[in-house]
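Under full-length UniProt numbering, the letters of the sequence shown match residues 1 to 172, in that order.
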Amino acid sequence: MLSKLGKIPDKVKAVVENTELDAFISFPLRYRHPWELLWGNISKGNACVAGDALHPMTPDIGQGGYCALEDSVVLARCLGEALLKNSGGERKDKEGEEGKEKYERIEMGLNKYANGRRWRSFDLISTSYVVGFLQESNGKFMNFFRDKCLSPILAGLRLKKADFDCGKLSIS
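In structure tokens:
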């Protein structure tokens with residue numbers, strides 16, 4: 001383990017040396033085909049997946065945490081819109097709204113969220129896989145091509161993926 005870590009600070013090295021071997025748990029990164037998102041069931045009834053359950057991706061473009069934050073903003077917006085408006089688009093001021101109507105509104109908000117996040121997640125998972133594949137590929141030609149030609153493109157791609165408008169949340 002220590003040989004794989006390379007040069008690390010002495011404090012970190014001491015922690016690794018003093019930790020029992022059976023305390024280390026290693027799981028390989030798992031690739032999930034992005035098309036599972038396109039045809040899969042993201043939302044059903046009043047339940048919906050978000051975060052890594054929606055878009056598990058390798059850390060190659062560094063978007064996993066950011067994407068989960070996007071999910072939370074978009075989910076809050078979709079649920080807020082669904083709960084604050086009645087079917088005619090007007091605000092609901094009545095307190096005694098029936099449970100069935102509320103359930104249907106929540107379901108509608110979750111479906112809107114799922115449809116909105118489906119393509120964004122597909123895009124990020126696919127990009128992450130391709131970037132990871134290119135970064136881990138070996139060979140003289142691939143190393144030259146990646147280091148000399150693809151580096152600026154990959155850097156720009158990462159920045160582009162972080163530029164996403166989640167919409168506005170309104171407090172009322």
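All C-beta atoms in this analysis are idealised placements derived from N, C-alpha and C, irrespective of residue type, glycine included.
Quick caveat, the model's predicted, so the values are computed rather than measured.
Asked, Found
"According to DSSP, is A50 part of a helix, a strand, or is it coil?", "coil"
"Alpha carbon to alpha carbon, how far is A14 from L37? Give it in angstroms, no decimals.", "43 Å"
"Within a Cβ cutoff of 6 Å, which residues of the same chain sit near R105, ignoring the five residues on either side of it in sequence?", "A82, L83"
"Quick test of your reading: C78 and K112, contact by CB under 8 Å. State the CB separation rounded to the nearest angstrom.", "5 Å"
"For S72 and G156, what's the separation of their Cα atoms in angstroms?", "25 Å"
"Return helix, strand or coil for K85, following the three-state DSSP convention.", "strand"
"Is the distance from the Cβ of L124 to the Cβ of H55 below 8 Å?", "yes"
"Mapping DSSP to helix, strand and coil, what is S26?", "coil"
"Considering only the alpha carbon of each residue, which of S26, G80, A50 lies closest to C67?", "A50"
"Quick one: Cα of P34 to Cα of F122, how far?", "5 Å"
"Where does S137 sit, in a helix, a strand or coil, going by DSSP?", "coil"
"In this structure, does DSSP put K44 in helix, strand or coil?", "strand"
"Note down the Cα distance separating E17 from R158, rounded to an integer number of angstroms.", "36 Å"
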